[in-house]
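Participant: Here it is, the structure in full.
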(Lines of atoms letter the chains of each structure in order from A and count residues from 1; the text may use other names and numbers.)
(Lines give C-alpha, C1' and ligand atoms only; values in the text may rest on other atoms or scores of the structure.)
Protein backbone atom coordinates (compact mmCIF):
# COMPACT_ATOMS: atom_id res chain seq x y z
CA UNK A 1 0.00 0.00 0.00
CA UNK A 2 2.85 2.41 0.84
CA UNK A 3 4.22 1.87 -2.64
CA UNK A 4 0.93 2.88 -4.26
CA UNK A 5 0.39 5.88 -1.99
CA UNK A 6 3.98 6.98 -2.52
CA UNK A 7 3.56 6.72 -6.28
CA UNK A 8 0.40 8.84 -6.22
CA UNK A 9 1.90 11.51 -3.94
CA UNK A 10 5.20 11.45 -5.79
CA UNK A 11 3.56 11.91 -9.17
CA UNK A 12 1.37 14.76 -7.95
CA UNK A 13 4.21 16.70 -6.32
CA UNK A 14 6.63 16.10 -9.21
CA UNK A 15 4.01 17.07 -11.81
CA UNK A 16 3.17 20.33 -10.03
CA UNK A 17 6.89 21.10 -9.68
CA UNK A 18 7.42 20.40 -13.38
CA UNK A 19 4.54 22.66 -14.41
CA UNK A 20 5.93 25.40 -12.15
CA UNK A 21 9.32 25.05 -13.90
CA UNK A 22 11.01 23.86 -10.70
CA UNK A 23 12.06 20.54 -12.25
CA UNK A 24 13.30 19.46 -15.67
CA UNK A 25 11.95 16.26 -17.24
CA UNK A 26 14.82 14.20 -15.83
CA UNK A 27 14.41 15.94 -12.48
CA UNK A 28 10.70 15.12 -12.48
CA UNK A 29 11.38 11.43 -13.06
CA UNK A 30 14.09 11.37 -10.38
CA UNK A 31 11.89 13.23 -7.88
CA UNK A 32 8.99 10.84 -8.51
CA UNK A 33 11.17 7.79 -7.94
CA UNK A 34 12.65 9.41 -4.85
CA UNK A 35 9.21 10.18 -3.44
CA UNK A 36 7.98 6.64 -4.06
CA UNK A 37 11.08 5.14 -2.44
CA UNK A 38 10.99 7.37 0.64
CA UNK A 39 7.28 6.78 1.20
CA UNK A 40 7.82 3.05 0.88
CA UNK A 41 10.76 3.00 3.30
CA UNK A 42 9.54 5.55 5.84
CA UNK A 43 5.90 6.29 5.19
CA UNK A 44 4.33 9.73 5.36
CA UNK A 45 6.90 10.90 7.94
CA UNK A 46 9.88 10.57 5.61
CA UNK A 47 7.88 11.89 2.68
CA UNK A 48 6.90 15.06 4.56
CA UNK A 49 10.49 15.77 5.57
CA UNK A 50 11.51 15.58 1.91
CA UNK A 51 8.55 17.71 0.80
CA UNK A 52 9.28 20.32 3.48
CA UNK A 53 12.76 20.73 2.03
CA UNK A 54 11.64 20.74 -1.59
CA UNK A 55 8.69 23.12 -1.23
CA UNK A 56 10.44 25.65 1.01
CA UNK A 57 13.58 25.64 -1.14
CA UNK A 58 11.60 25.97 -4.37
CA UNK A 59 9.61 28.91 -2.99
CA UNK A 60 12.81 30.67 -1.92
CA UNK A 61 14.39 30.00 -5.32
CA UNK A 62 11.45 31.79 -6.95
CA UNK A 63 11.49 34.60 -4.35
CA UNK A 64 12.73 37.83 -5.97
CA UNK A 65 14.11 35.73 -8.81
CA UNK A 66 14.46 38.76 -11.11
CA UNK A 67 17.12 40.14 -8.76
CA UNK A 68 19.05 36.86 -8.86
CA UNK A 69 19.17 36.25 -12.62
CA UNK A 70 22.46 38.03 -13.34
CA UNK A 71 24.10 36.53 -10.25
CA UNK A 72 23.03 33.01 -11.17
CA UNK A 73 24.62 33.24 -14.62
CA UNK A 74 27.94 32.20 -13.08
CA UNK A 75 26.44 28.99 -11.71
CA UNK A 76 26.88 25.72 -13.53
CA UNK A 77 23.15 25.02 -13.46
CA UNK A 78 20.29 27.43 -12.88
CA UNK A 79 16.51 27.36 -12.89
CA UNK A 80 15.02 23.89 -13.17
CA UNK A 81 16.57 21.11 -11.10
CA UNK A 82 17.65 18.08 -13.15
CA UNK A 83 18.19 14.51 -12.01
CA UNK A 84 21.81 15.12 -10.97
CA UNK A 85 20.75 17.90 -8.61
CA UNK A 86 17.92 15.78 -7.18
CA UNK A 87 20.35 12.93 -6.51
CA UNK A 88 23.04 15.22 -5.08
CA UNK A 89 20.54 16.57 -2.57
CA UNK A 90 18.95 13.27 -1.61
CA UNK A 91 21.14 10.22 -2.27
CA UNK A 92 22.50 9.91 1.30
CA UNK A 93 18.96 10.31 2.65
CA UNK A 94 17.72 7.53 0.39
CA UNK A 95 20.45 5.20 1.63
CA UNK A 96 19.69 6.04 5.27
CA UNK A 97 15.98 5.44 4.63
CA UNK A 98 16.77 1.99 3.26
CA UNK A 99 18.82 1.11 6.35
CA UNK A 100 16.10 2.47 8.63
CA UNK A 101 13.48 0.36 6.87
CA UNK A 102 15.39 -2.83 7.68
CA UNK A 103 16.68 -1.89 11.15
CA UNK A 104 14.30 0.73 12.65
CA UNK A 105 17.39 2.25 14.31
CA UNK A 106 17.14 5.93 15.23
CA UNK A 107 20.70 6.56 14.09
CA UNK A 108 19.57 6.11 10.47
CA UNK A 109 16.51 8.26 11.11
CA UNK A 110 18.92 10.96 12.27
CA UNK A 111 21.09 10.52 9.18
CA UNK A 112 18.03 10.86 6.96
CA UNK A 113 16.78 14.01 8.68
CA UNK A 114 20.22 15.61 8.85
CA UNK A 115 20.77 15.14 5.12
CA UNK A 116 17.68 17.16 4.27
CA UNK A 117 18.38 19.64 7.07
CA UNK A 118 21.81 20.30 5.55
CA UNK A 119 20.52 20.67 2.00
CA UNK A 120 17.70 22.90 3.20
CA UNK A 121 20.07 25.02 5.26
CA UNK A 122 22.41 25.47 2.31
CA UNK A 123 19.59 26.32 -0.10
CA UNK A 124 18.08 28.91 2.23
CA UNK A 125 21.52 30.46 2.69
CA UNK A 126 22.13 30.60 -1.06
CA UNK A 127 18.71 31.90 -2.09
CA UNK A 128 18.43 34.55 0.61
CA UNK A 129 22.12 35.34 1.05
CA UNK A 130 22.43 36.73 -2.48
CA UNK A 131 19.78 39.31 -1.58
CA UNK A 132 21.97 40.71 1.19
CA UNK A 133 22.89 44.38 0.82
CA UNK A 134 26.50 43.58 1.68
CA UNK A 135 28.95 41.69 -0.50
CA UNK A 136 29.92 38.23 0.74
CA UNK A 137 33.31 37.31 2.17
CA UNK A 138 35.21 34.11 1.48
CA UNK A 139 34.68 31.77 4.41
CA UNK A 140 38.36 30.77 4.37
CA UNK A 141 40.19 34.04 3.72
CA UNK A 142 37.70 36.71 4.76
CA UNK A 143 38.31 38.57 1.49
CA UNK A 144 35.34 40.09 -0.32
CA UNK A 145 34.03 38.05 -3.26
CA UNK A 146 31.30 38.66 -5.80
CA UNK A 147 27.75 37.67 -4.98
CA UNK A 148 26.90 34.09 -5.87
CA UNK A 149 30.49 32.89 -5.60
CA UNK A 150 30.84 29.47 -3.99
CA UNK A 151 32.40 29.78 -0.55
CA UNK A 152 31.15 33.32 -0.04
CA UNK A 153 29.09 34.05 3.07
CA UNK A 154 27.20 36.98 4.59
CA UNK A 155 25.74 37.42 8.06
CA UNK A 156 22.27 37.49 6.52
CA UNK A 157 22.91 34.31 4.55
CA UNK A 158 24.36 32.60 7.63
CA UNK A 159 21.26 33.51 9.62
CA UNK A 160 19.07 32.18 6.81
CA UNK A 161 21.12 28.99 6.89
CA UNK A 162 20.39 28.56 10.59
CA UNK A 163 16.68 29.16 9.99
CA UNK A 164 16.67 26.54 7.23
CA UNK A 165 18.14 23.95 9.58
CA UNK A 166 15.79 25.03 12.38
CA UNK A 167 12.78 24.63 10.10
CA UNK A 168 13.71 21.06 9.11
CA UNK A 169 14.51 20.22 12.72
CA UNK A 170 11.05 21.44 13.71
CA UNK A 171 9.40 19.36 10.97
CA UNK A 172 11.41 16.36 12.13
CA UNK A 173 10.35 16.87 15.75
CA UNK A 174 6.64 17.30 15.01
CA UNK A 175 6.66 14.30 12.67
CA UNK A 176 8.45 12.21 15.28
CA UNK A 177 5.81 13.05 17.90
CA UNK A 178 2.97 11.99 15.60
CA UNK A 179 4.73 8.85 14.37
CA UNK A 180 5.76 7.58 17.80
CA UNK A 181 3.02 9.20 19.90
CA UNK A 182 2.43 6.06 21.96
CA UNK A 183 6.10 5.36 22.59
CA UNK A 184 8.03 8.63 22.80
CA UNK A 185 11.36 8.88 24.56
CA UNK A 186 11.53 12.62 25.33
CA UNK A 187 15.28 12.60 25.91
CA UNK A 188 15.89 10.84 22.60
CA UNK A 189 13.52 13.21 20.80
CA UNK A 190 15.38 16.25 22.11
CA UNK A 191 18.79 14.80 21.23
CA UNK A 192 17.70 13.82 17.72
CA UNK A 193 16.07 17.20 17.06
CA UNK A 194 19.07 19.18 18.33
CA UNK A 195 21.51 17.07 16.30
CA UNK A 196 19.33 17.55 13.21
CA UNK A 197 19.55 21.30 13.75
CA UNK A 198 23.30 21.31 14.41
CA UNK A 199 24.02 18.91 11.56
CA UNK A 200 21.95 20.92 9.12
CA UNK A 201 23.69 24.18 9.96
CA UNK A 202 27.09 22.46 9.97
CA UNK A 203 26.34 20.98 6.55
CA UNK A 204 25.87 24.46 5.12
CA UNK A 205 29.18 25.59 6.64
CA UNK A 206 30.95 22.53 5.21
CA UNK A 207 29.37 23.30 1.84
CA UNK A 208 30.86 26.80 1.90
CA UNK A 209 34.28 25.50 2.94
CA UNK A 210 34.32 22.91 0.15
CA UNK A 211 33.03 25.49 -2.30
CA UNK A 212 35.87 27.84 -1.38
CA UNK A 213 38.58 25.20 -1.58
CA UNK A 214 37.81 22.12 -3.68
CA UNK A 215 35.07 23.13 -6.12
CA UNK A 216 36.25 23.95 -9.62
CA UNK A 217 36.03 27.67 -10.42
CA UNK A 218 36.86 28.93 -13.90
CA UNK A 219 37.64 32.04 -15.92
CA UNK A 220 35.43 32.41 -19.00
CA UNK A 221 37.45 31.85 -22.18
CA UNK A 222 35.89 34.85 -23.94
CA UNK A 223 34.76 37.36 -21.33
CA UNK A 224 37.22 36.62 -18.53
CA UNK A 225 34.35 36.50 -16.03
CA UNK A 226 34.47 34.11 -13.07
CA UNK A 227 32.13 31.15 -13.45
CA UNK A 228 31.37 27.67 -12.14
CA UNK A 229 30.81 26.45 -15.69
CA UNK A 230 33.57 24.24 -17.00
CA UNK A 231 32.62 24.66 -20.65
CA UNK A 232 31.31 27.43 -22.88
CA UNK A 233 29.99 26.26 -26.24
CA UNK A 234 32.19 23.14 -26.08
CA UNK A 235 35.25 25.26 -25.23
CA UNK A 236 36.80 24.54 -21.84
CA UNK A 237 37.12 27.53 -19.53
CA UNK A 238 40.37 28.09 -17.61
CA UNK A 239 40.48 26.45 -14.19
CA UNK A 240 41.65 29.00 -11.59
CA UNK A 241 40.73 27.20 -8.37
CA UNK A 242 39.78 23.77 -7.10
CA UNK A 243 39.43 20.56 -9.09
CA UNK A 244 37.69 19.92 -12.39
CA UNK A 245 35.95 16.80 -11.13
CA UNK A 246 34.35 18.59 -8.18
CA UNK A 247 31.34 20.68 -9.16
CA UNK A 248 28.50 22.14 -7.12
CA UNK A 249 26.58 18.85 -7.11
CA UNK A 250 29.60 17.04 -5.69
CA UNK A 251 29.97 19.71 -3.00
CA UNK A 252 26.30 19.42 -2.05
CA UNK A 253 26.53 15.64 -1.84
CA UNK A 254 29.75 15.65 0.19
CA UNK A 255 28.63 18.33 2.64
CA UNK A 256 25.34 16.64 3.55
CA UNK A 257 27.05 13.24 3.73
CA UNK A 258 29.83 14.48 6.04
CA UNK A 259 27.42 16.39 8.28
CA UNK A 260 25.03 13.46 8.60
CA UNK A 261 27.79 10.94 9.31
CA UNK A 262 29.26 13.19 11.99
CA UNK A 263 25.89 13.63 13.72
CA UNK A 264 25.29 9.88 13.57
CA UNK A 265 28.68 9.25 15.15
CA UNK A 266 27.94 11.74 17.94
CA UNK A 267 24.54 10.13 18.54
CA UNK A 268 26.09 6.68 18.84
CA UNK A 269 28.51 7.84 21.54
CA UNK A 270 26.09 10.00 23.54
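Numbering (full-length UniProt numbering), first residue to last: 1 to 270.
Using N, Cα and C, we set each Cβ at its ideal position, and we do this for glycine too.
Treat the numbers as computed from the prediction; the structure is a model and nothing was measured.
1) Could you name the residues of the same chain whose beta carbon sits closer than 8 Å to that of residue 191, not counting the 5 residues immediately before and after it, in chain order?
2) Looking only at its chain, what residues have a beta carbon closer than 7 Å to the beta carbon of residue 5, apart from the 5 residues adjacent to it on each side?
3) Can you name the start and end residues of the alpha helix (DSSP H) that residue 51 belongs to?
4) What residue range does the alpha helix (DSSP H) around residue 186 cover?
5) Considering just the uninterrupted stretch of the beta strand (DSSP E) at residue 238, what are its terminal residues?
6) Rounding to the nearest angstrom, what Cα-Cα distance links residue 174 and residue 197 in this structure?
7) Following the continuous beta strand (DSSP E) through residue 65, name the residue where it begins and the one where it ends.
8) What is the DSSP secondary structure of residue 223, counted as helix, strand or coil?
9) Looking at the unbroken alpha helix (DSSP H) that takes in residue 22, where does it start and where does it end?
10) Run the CB neighbour count on residue 265, radius 10 Å, all protein chains shown included, and call it buried at 16 or more, exposed below.
11) Among the residues of its own chain, which have a CB less than 6 Å from the CB of residue 111, if the five just before and after it don't count?
12) Quick one, which of 247, 53, 109 and 237 has its alpha-carbon nearest residue 213's?
13) Would you kindly work out how many angstroms separate the C-alpha atoms of residue 216 and residue 243, rounded to a whole number?
14) By the three-class DSSP mapping on this structure, what secondary structure does residue 231 have?
15) Does DSSP classify residue 6 as helix, strand or coil?
16) Residue 181: buried (16+ other C-beta within 10 angstroms of its C-beta) or exposed?
17) Can you grab the Cα-Cα spacing for the pair residue 251 / residue 132, in whole Å?
18) Report the three-state DSSP secondary structure of residue 80 (helix, strand or coil).
19) So which of 91, 129 and 254 has the shortest CA-CA distance to residue 145?
20) Measure the alpha-carbon distance for residue 179 versus residue 219 and round it to whole angstroms.
21) Run through DSSP, which three-state label would residue 152 get?
22) Is residue 19 close to chain C, meaning its C-beta is less than 8 Å from at least one C-beta of that chain?
23) Are the CB atoms of residue 86 and residue 31 nearer to each other than 8 Å?
24) Just to confirm, are residue 115 and residue 256 a CB contact at a threshold of 8 Å?
25) When burial is assigned at 16 or more other CB atoms within 10 Å of the CB, is residue 240 buried or exposed?
26) Indicate whether residue 24 and residue 81 have their beta-carbon atoms separated by less than 8 Å.
Facilitator: The short version:
1) 267 and 270
2) Counting only Cβ-Cβ distances below 7 Å, and skipping sequence neighbours, we find 39.
3) 25-62
4) 186-213
5) 238-241
6) 14 Å
7) No beta strand (DSSP E) holds residue 65; DSSP gives it neither H nor E.
8) coil
9) Unbroken run through residue 22: none, as it is neither H nor E.
10) exposed
11) 96, 260 and 264
12) Checked all of 247, 53, 109 and 237; the closest Cα to residue 213 is 247.
13) 5 Å
14) strand
15) helix
16) Its Cβ having fewer than 16 others within 10 Å, residue 181 is exposed.
17) 23 Å
18) coil
19) Of 91, 129 and 254, the residue nearest in Cα terms is 129.
20) 50 Å
21) strand
22) Going by chain labels, chain C is absent from the structure shown, which holds only one protein chain.
23) Yes.
24) yes
25) exposed
26) yes
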